[in-house]
């Protein structure tokens, strides 16, 4: 069977062949409803993000700039040192727990 017969909500029978990859969308007639839903979701997202530059964060966004190479390296070093300190403290706690409480 290379044809598909589908009855729509209006009672009309549609015949489609399996040769086209988009036969599912066209036979059920949902492509318009899906497009409308997608457009509505897109409008909602755009409406939410359109007020970002006007609210309480507008000044921060206007003053934001790309960091220089030196600033980036300093931030990177501080972050790496923080990670090492936190990891070291965690490892020391693990060793203390292993020595004193003999975890399995």
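In the numbering used here, the protein residues as written are 2 to 105.
Heads up, the beta-carbon is just placed ideally off N, CA and C, and yes, glycines get one too.
These figures come from a predicted structure and were not determined experimentally.
Straight-line measurement puts the Cα of residue 44 at about 22 Å from the Cα of residue 59. For residue 67, no alpha helix (DSSP H) run applies, since DSSP gives it neither H nor E. Rounded to the nearest whole angstrom, the C-alpha separation of residue 53 and residue 85 is 36 Å.
In this structure, the straight-line span from the alpha carbon of residue 97 to that of residue 83 is close to 21 Å.
Here the C-alpha atom of residue 38 lies approximately 20 Å from the C-alpha atom of residue 51.
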